[in-house]
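K.L.:
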Amino acid sequence: PDKIQQLSQEIKQLKAERNAVILSHVYQRPEVQEVADFVGDSLGLSQRAAKTEADVIVFCGVHFMAESAAILSPDRIVLLPEIKAGCPMADMVTVEELRAKKREMPGAVVVCYVNTSAAVKAESDICCTSANAVKVVNSVPEDRPVLFIPDENLGRYVARQTGRKIYLWEGYCNTHEKLLPEDVLAAREAHPEALVLVHPECRPDVIDLADAVASTTGMIRYARESGAKEFIIGTETGILYQFRKQCPGKEFYPASDKLLCPNMKATTLEKVHRALVTLEPRVTVPADIREKALRSLERMLAVT
Ligand code: 13P
Ligand code: SF4
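Sequence positions in the sequence shown follow full-length UniProt numbering and run 4 to 307.
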């Protein structure tokens with residue numbers, strides 16, 4: 004604890020010296036969330052990155068999130084304290100695969116989940132996050148087919164919510180995939196009064212068991228505003244820290260202890276400290292890709 008305190012103190016000082024802002028996803032380690040200026044979901048983090056006045060953005064999350072920040076704020080230095088923190092789902096669609104699919108489906112509107120590389124965003128028409136995917140798909144003219152990449156579970160959920168025909172991609176989050184219906188049923192049996200909140204990256208048979216399906220920030224809002232006192236949480240367990248912080252007096256139980264994203268846990272206070280000292284590792288996006296990817300992100304932000 005002393006070490007955490009000392010590092011946190013030094014990080015705050017360095018942050019001021021560098022005119023830096025620290026953005027953290029809700030899946031990060033608690034001590035990392037604590038040094039952040041803003042903690043949120045992918046959508047909130049993109050919005051913050053787009054309008055920050057800081058010179059340096061320290062992004063405590065995974066690579067595609069830092070890339071989005073670099074696309075939206077090209078004049079800032081964007082640091083990803085652990086450069087190897089990727090998202091396996093984002094790697095499930097490459098530019099070549101997407102181009103090939105687009106050739107098979109001329110006229111389709113490509114809606115890409117933010118969990119994709121900048122190069123894939125550049126090949127897409129509009130981005131979405133789990134918080135606005137339904138709105139984004141509803142913004143597509145009804146006579147146009149939608150190709151949704153890469154999360155099959157989120158795409159299927161959005162198809163159900165919108166009634167639209169959506170062509171799906173076979174991508175998935177290997178953290179959320181681990182949550183099984185039997186885990187939810189067992190948690191419900193242990194906590195019969197609790198409401199079940201799950202992320203739309205979960206399998207359809209898990210989504211079917213939920214009382215609410217929402218993005219990470221959406222889940223926290225739901226718990227804050229709900230009259231219920233107990234909740235079973237079907238998403239990465241790092242979020243429990245924010246639930247408990249933002250909803251005192253309520254109880255939160257993980258739907259499964261398998262819900263851990265190793266990439267989200269790869270960022271430590273030591274690495275945040277080092278990044279602020281060295282101003283490395285940086286995430287940059289080549290100008291030609293950036294311009295096209297920016298269009299997809301800006302279309303999303305206009306709809307949201
Ligand atoms: P949110 O957009 O809900 O923060 O989710 C991001 C993510 O990576 C979920 O696994
Ligand atoms: Fe990617 Fe899943 Fe980790 Fe989110 S939880 S960053 S989708 S691997």
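C-beta atoms are modelled at their ideal positions from N, C-alpha and C, and glycine is treated no differently.
Quick caveat, the model's predicted, so the values are computed rather than measured.
Going straight from the alpha carbon of G230 to that of A258, what length do you get?
P.N.:
Reading the sequence shown from its first residue, position 227 is the one you call residue 230. Reading the sequence shown from its first residue, position 255 is the one you call residue 258. G230 and A258 have their alpha carbons spaced roughly 20 Å apart.
K.L.:
Do L157 and Y116 count as a contact pair if the criterion is CB distance below 9 Å?
P.N.:
The count along the sequence shown starts at 1 and reaches residue 116 at position 113. The count along the sequence shown starts at 1 and reaches residue 157 at position 154. For Y116 and L157, yes; Cβs fall inside 9 Å.
K.L.:
Examine the Cβ distances between the segment 76-92 and the segment 134-144 and report whether three or more of them are shorter than 8 Å.
P.N.:
Touching, no, given that fewer than three Cβ pairs across the two stretches are closer than 8 Å.
K.L.:
Please state whether the Cβ-Cβ distance between V112 and I86 is less than 9 Å.
P.N.:
Residue 112 sits at position 109 when you count from the first residue of the sequence shown. Residue 86 sits at position 83 when you count from the first residue of the sequence shown. It is not a contact, given that the beta carbons lie outside the stated cut-off.
K.L.:
Kindly indicate which residue of K18, L279, G43, K261 has the alpha-carbon position closest to the one of R224.
P.N.:
Here residue 224 refers to the residue found at position 221 of the sequence shown. Nearest C-alpha to R224: G43.
K.L.:
Should A136 and L304 be called a contact, given that it needs their Cβ atoms to be closer than 9 Å?
P.N.:
Residue 136 sits at position 133 when you count from the first residue of the sequence shown. Residue 304 sits at position 301 when you count from the first residue of the sequence shown. With a cutoff of 9 Å on beta-carbon distance, A136 and L304 are scored as not near each other.
K.L.:
How big is the Cα-Cα spacing for Y30 and K168?
P.N.:
In the sequence shown, the residue the question calls residue 30 occupies position 27. In the sequence shown, the residue the question calls residue 168 occupies position 165. Distance from the CA of Y30 to the CA of K168, rounded to the nearest whole angstrom, comes to 32 Å.
K.L.:
With H, G and I counted as helix, E and B as strand and the rest as coil, what does DSSP make of S142?
P.N.:
Taking the sequence shown and counting its residues from 1, the one referred to as residue 142 is at position 139. S142 falls in the coil class under three-state DSSP.
K.L.:
Let's see if you can read the secondary structure: which residues bound the beta strand (DSSP E) around L200?
P.N.:
Working through the sequence shown from its first residue, we reach residue 200 at position 197. Taken as a continuous stretch (DSSP letters only), the beta strand (DSSP E) holding L200 covers 198-201.
K.L.:
Hey, would you say T270 sits closer than 9 Å to P4, going by beta carbons?
P.N.:
The residue labelled residue 270 in the question sits at position 267 within the sequence shown. The residue labelled residue 4 in the question sits at position 1 within the sequence shown. Annotated as distal: T270 and P4, with beta-carbon spacing of 9 Å or more.
K.L.:
Which complete alpha helix (DSSP H) runs does the segment 169-237 hold, if anything under 4 residues is left out?
P.N.:
If you keep only unbroken alpha helix (DSSP H) runs of at least 4 residues inside the segment 169-237, you get 184-193, 207-210, 219-228.
K.L.:
What residues match up with S27 in a beta bridge as DSSP calls it?
P.N.:
Position 24 of the sequence shown holds residue 27. S27 pairs with V42, C63.
K.L.:
Just to confirm the assignment, what range does the beta strand (DSSP E) spanning E254 have?
P.N.:
One-based indexing of the sequence shown puts residue 254 at position 251. 254-257 is the span of the beta strand (DSSP E), which, as asked, contains E254.
K.L.:
Should Y225 be counted as a contact of the ligand 13P given a C-beta to heavy atom distance under 8 Å?
P.N.:
The residue given as residue 225 occupies position 222 in the sequence shown. Outside the cutoff, so no.
K.L.:
Between K274, V280, A226, which has its C-alpha nearest E20's C-alpha?
P.N.:
As a working note, residue 20 is residue 17 in the sequence shown. Here the closest residue by C-alpha is V280.
K.L.:
Would you say N177 lies against chain D (beta-carbon separation less than 9 Å)?
P.N.:
No chain D is part of this structure, which consists of one protein chain only.
K.L.:
Given 8 Å as the limit, is there contact between the segment 65-80 and the segment 241-255, that is, 3 or more CB pairs closer than that?
P.N.:
no
K.L.:
Please list, in chain order, all residues of the same chain as A72 whose beta carbon is under 6 Å from its beta carbon, the five residues on each side excluded.
P.N.:
As a working note, residue 72 is residue 69 in the sequence shown. Once the five neighbours on either side are set aside, the close Cβ partners of A72 are A52, I60, F62, V81.
K.L.:
Cβ of M222 within 9 Å of Cβ of H28?
P.N.:
Counting from one through the sequence shown, the residue named residue 222 turns up at place 219. Counting from one through the sequence shown, the residue named residue 28 turns up at place 25. Not closer than 9 Å, so no.
K.L.:
Per DSSP, what kind of secondary structure is V81 in: helix, strand or coil?
P.N.:
One-based indexing of the sequence shown puts residue 81 at position 78. V81 falls in the strand class under three-state DSSP.
K.L.:
Any heavy atom of the ligand 13P inside 8 Å of the beta-carbon of Y30?
P.N.:
Here residue 30 refers to the residue found at position 27 when the sequence shown is read from its first residue. Yes, the Cβ of Y30 comes within 8 Å of a heavy atom of the ligand 13P.
K.L.:
Between W172, A226, G110, I210, which has its C-alpha nearest D146's C-alpha?
P.N.:
Translated into the one-based positions of the sequence shown, residue 146 becomes position 143. Of W172, A226, G110, I210, the residue nearest in Cα terms is G110.
K.L.:
Per DSSP, C130 forms a beta bridge with which residues?
P.N.:
Position 127 of the sequence shown, counted from the start, is the residue given in the question as residue 130. Its beta-bridge partners are C115.
K.L.:
Express the C-alpha separation of K232 and Q8 in angstroms, rounding to a whole number.
P.N.:
Here residue 8 is taken as the residue at index 5 of the sequence shown, counted from 1. Here residue 232 is taken as the residue at index 229 of the sequence shown, counted from 1. For Q8 and K232, the distance between alpha carbons rounds to 32 Å.
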